[in-house]
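Be aware that the sequence shown starts at 2, since it is given in our numbering, and climbs by one per residue.
Heads up, the beta-carbon is just placed ideally off N, CA and C, and yes, glycines get one too.
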Amino acid sequence: METTGPAPDRTQAAAELAAARHAEDTIRSLPWPWWLYTGNGILLGAAALAPLLGSPLGSGLLIVLMLALCVFNYWAGSRMGAPYAVPRNRAFLAAVSVSGLFLTGSIATAGVGQTGLVWICAGGTVVSYAVGSLIHYRGTRQ
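Encoded structure:
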């Protein structure tokens with residue numbers, strides 16, 4: 002796209018870029034409502050237990066729950082004004098990643114018939130997400 006206006010000088014461009022970075026940081030540091038943490042924890046826990054239902058039903062429920070998780074977060078983000086903003090808190094992101102690993106472990110252990118390990122992985126999914134939620138909640142409410 003071509004611009005017809007004068008090119009900004011160096012200080013003006015730097016100030017505009019700094020303002021854009023500040024706006025991004027502000028959006029990524031928004032506090033979440035308590036029900037968003039709770040809803041995500043419930044959906045993740047249910048998804049981690051879904052493989053216990055067997056192959057066709059469990060797989061279908063897992064897909065539905067993961068889609069519900071995406072839609073729920075998009076809806077909540079839209080209500081907050083930032084549907085695609087990912088929090089900046091690294092500890093929260095690490096906890097969510099660990100929760101995803103536990104969820105993957107739950108699916109893998111159900112595939113080999115280790116139902117006891119599925120329950121342990123489901124618990125790990127919920128606990129790791131809960132720890133990350135507490136870190137994010139406290140970090141954004143200061």
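When the distance is taken between beta carbons, is residue j closer than 8 angstroms to residue i?
i      : j      : result
Gly125 : Phe93  : no
Thr141 : Ser30  : yes
Ala48  : Leu63  : yes
Ser98  : Ala123 : no
Ala83  : Ile121 : no
Val132 : Ala86  : no
Ile136 : Asn90  : yes
Ala51  : Leu70  : no
Val119 : Leu45  : no
Asn41  : Tyr130 : yes
In the DSSP assignment, the alpha helix (DSSP H) including residue i goes from what residue to what residue?
i      : result
Thr110 : Arg91 to Gly112
Arg139 : Thr116 to Thr141
Is residue i near the ligand NAD, in the sense that its beta carbon is under 7 angstroms from a heavy atom of that ligand?
i     : result
Thr27 : Looking at this structure, you won't find the ligand NAD or any other ligand, since it has none at all.
message = Report the start-end ranges of each alpha helix (DSSP H) in the stretch 28-76 that is 4 residues or longer and not cut off at the edges.
response = 35-50
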